[in-house]
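Colleague: Our numbering puts the sequence shown at residues 4 to 382.
Where is the CB? At the ideal position from N, CA and C, for every residue including glycine.
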Amino acid sequence: MPGFELFGPEERKEINDVMETGILMRYGFDGPRKGIWKSKELEAELCKRLNCGYVQLVSSGTAANTTALAALGVGAGDEVILPVFTFVASFESVLTVGAVPVLVDVDETLTLDPAAVRRAITPRTKCIMPVHMCGAMADMDALMAICKEHNLLLMEDACQSFGGRYKGKYLGTIGHAGTFSFDFVKIVTCAEGTDRGADLHPFIGYNYRISELHSAIGLAQVRKLDQFLAIQKKNYLQLKSILSTLPEVTFRTILDPEGNICTFLDWFLPTEEATRALVAELRQQGILAGNFYWYEHNWHYIRKWDHLRNATTLNKLTEPQQKALLSLDKADFSASDRIMSRCISTAIGLLWTEDQTKEKGEKIVAAIKKVMSKEKAHA
Ligand SMILES: Cc1ncc(COP(=O)(O)O)c(C=O)c1O
């Protein structure tokens with residue numbers, strides 16, 4: 004999935020433009036920068052590309068989530084509903100602004116289950132935060148209807164899905180605000196930002212601004228997005244057709260296949276036991292790399308977020324935050340467990356040749372066959 008695989012002369016040119024002026028700060032220095040404004044240019048490029056009215060670059064997806072929530076006025080006393088399958092930055096940003104993260108189940112879209120969202124709404128709910136995981140979309144129609152009905156804000160964490168669409172609209176531009184990450188392993192990357200003191204102090208805040216160097220790389224990468232999307236889709240469809248030959252394999256519900264950025268092929272085996280056995284088999288054969296079993300991963304799924312469930316923080320939490328976090332330990336996420344424990348996500352590479360994709364697919368198929376025949380023998 005990472006755009007850095009196709010770094011080329013375009014990125015180098017944009018960086019050289021900045022290096023020639025020596026101005027790595029995105030604001031000010033009007034004279035010495037000689038008309039080079041990469042951050043402004045990237046913001047304009049993103050507005051055009053995403054067909055949206057306003058883009059603000061900050062130093063990371065984490066900072067973007069925090070900034071977006073703060074800009075929406077989400078804070079102390081508010082609850083934000085988000086999924087148990089996400090990246091830790093999603094709930095961390097909710098805590099950063101002083102709100103309470105309310106974690107709920109995912110369904111086979113691997114994103115928020117709208118029914119679970121409905122059940123979690125309280126008078127304190129201020130915002131619903133779908134996370135478009137692994138390049139594909141949450142059920143935005145259902146979530147927008149819930150937001151309308153209950154007068155809630157919708158903040159899309161589209162950090163993993165830049166360029167993805169839902170019914171023609173870009174993910175991240177459908178709700179009241181949306182965020183993207185261009186960190187080093189995203190479909191479009193520009194690394195991470197640097198800090199400098201704030202100029203004015205209209206309110207207490209933080210410095211999340213991006214550097215010109217990152218914008219320069221981002222500019223070249225964003226302009227290559229269509230090329231990346233076409234390659235990902237080709238490799239994804241080839242791999243999917245190989246895995247589809249097995250009746251035991253099913254696939255993630257993709258609500259709008261046209262809008263999937265195809266960075267991952269997400270698929271299921273019939274049982275947790277078979278999935279675990281397959282992971283062990285792939286590891287043993289030395290071909291597990293690139294196949295993610297999120298159920299055992301400490302970034303993306305609630306099972307391994309001990310720091311969250313134990314409310315272990317350096318700073319003191321508010322009482323409602325602490326209470327909400329400690330209650331997670333007894334919460335029932337068995338519906339998500341039944342899905343996530345059977346799910347494997349295969350990351351799609353930009354550099355794969357047709358032969359390499361075929362070989363990867365065939366090796367996975369052979370491993371699944373081996374595992375399933377052992378499962379059947381035991382049954
Ligand atoms: C769903 C999600 N949200 C937020 C982030 C944070 O982005 P960053 O790494 O740019 O801070 C990530 C990063 O992987 C992510 O996957």
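1. Can you name, in chain order, every residue of its own chain whose Cβ lies under 8 Å from the Cβ of E14, other than the five neighbours on each side?
2. Going by alpha carbons, who is nearest to M22 out of G31, P35, K129?
3. Output yes or no for whether 9 Å exceeds the beta carbon distance between P323 and V103.
4. Starting from G221, trace the beta strand (DSSP E) in both directions and tell me its first and last residue.
5. At 4 residues or longer, and completely inside the region 219-289: list those alpha helix (DSSP H) runs for me, N to C.
6. Tell me whether E159 is buried or exposed, calling it buried when 16 or more other Cβ atoms sit within 10 Å of its Cβ.
7. Go to P35, then tell me how far its alpha helix (DSSP H) extends in each direction, as first and last residue.
8. Tell me, please, whether the region 123-136 touches the region 153-172 by the rule of three or more beta-carbon pairs shorter than 8 Å.
9. When burial is assigned at 16 or more other CB atoms within 10 Å of the CB, is P5 buried or exposed?
10. Which stretch, first to last residue, makes up the beta strand (DSSP E) that contains S348?
11. Whose CA, out of D116, Q163, L232, lies closest to the CA of D142?
12. Is D259 near ligand 1, going by C-beta to nearest heavy atom under 8 Å?
13. Less than 9 Å between the beta carbons of M280 and E378, yes or no?
14. Indicate the three-state DSSP secondary structure (helix, strand or coil) for E159 in the structure shown.
15. Determine, using beta-carbon pairs with one atom in the region 247-256 and one in the region 59-69, whether at least three such pairs fall under 8 Å.
16. According to DSSP, A180 sits in a beta bridge with which residue or residues?
17. Given 8 Å as the limit, tell me if V188 has its C-beta closer than that to any heavy atom belonging to ligand 1.
18. P133 by DSSP, collapsed to three states: which one?
19. How far does the beta strand (DSSP E) with P86 in it reach, from first residue to last?
20. From what residue to what residue does the beta strand (DSSP E) around L320 run?
21. Would you say the beta carbon of F165 comes nearer than 8 Å to a heavy atom of ligand 1?
22. Is M136 near ligand 1, with its Cβ less than 8 Å from a heavy atom?
23. By alpha-carbon positions, which one of L285, L49, A277 ends up nearest to A380?
24. Nearer than 8 Å: is that true of the beta carbon of S93 relative to any heavy atom of ligand 1?
25. Quick one: what's P104 bridged to in DSSP?
26. Decide if K363 is buried, meaning its Cβ has at least 16 other Cβ atoms within 10 Å, or exposed.
27. Take H217 as the anchor and find which of D33, E152, W40 has the nearest alpha-carbon.
28. Is N301 a contact residue of ligand 1, with contact defined as CB to any heavy atom under 8 Å?
29. State yes or no: is the C-beta of I367 within less than 9 Å of the C-beta of N263?
30. In chain order, what residues of the same chain lie with their CB nearer than 6 Å to the CB of M375, ignoring the 5 residues before and after it?
31. Any idea what DSSP makes of T112, helix, strand or coil?
32. Quick test of your reading: C50 and V61, contact by CB under 8 Å. State the CB separation rounded to the nearest angstrom.
33. Relative to the alpha-carbon of I305, which residue among K43, V107, L174, E215 has its alpha-carbon at the smallest distance?
34. I want to check one thing, is the minimum distance from the CB of D160 to the heavy atoms of ligand 1 below 8 Å?
35. Could you name the residues of the same chain whose beta carbon sits closer than 7 Å to that of F165, not counting the 5 residues immediately before and after it, in chain order?
Modeller: Checking against the coordinates, here is how it stands:
1. A219, I220, A223, Q224
2. P35
3. A contact, by the Cβ cut-off of 9 Å.
4. Element bounds for G221: not the beta strand (DSSP E) but the alpha helix (DSSP H), 215-225.
5. 228-246, 275-287
6. buried
7. For P35, no alpha helix (DSSP H) segment is defined, and its DSSP state is neither H nor E.
8. yes
9. buried
10. 346-350
11. D116
12. Taking non-hydrogen atoms of ligand 1 into account, the C-beta of D259 is found less than 8 Å away from none of them.
13. In the sequence under discussion, the amino acid at residue 280 is Ala, which differs from the Met named in the question. Yes. Within cutoff.
14. In this structure, E159 counts as strand in the three-state DSSP scheme.
15. no
16. A180 is bridged to M158.
17. Taking 8 Å as the cut-off, the C-beta of V188 counts as close to a heavy atom of ligand 1.
18. Reduced to three states, the DSSP call for P133 is coil.
19. 82-86
20. Unbroken run through L320: none, as it is neither H nor E.
21. no
22. yes
23. A277
24. yes
25. V83
26. buried
27. W40
28. no
29. no
30. E251
31. coil
32. 15 Å between Cβ atoms; not a contact.
33. V107
34. yes
35. F183, K189, I190, V191
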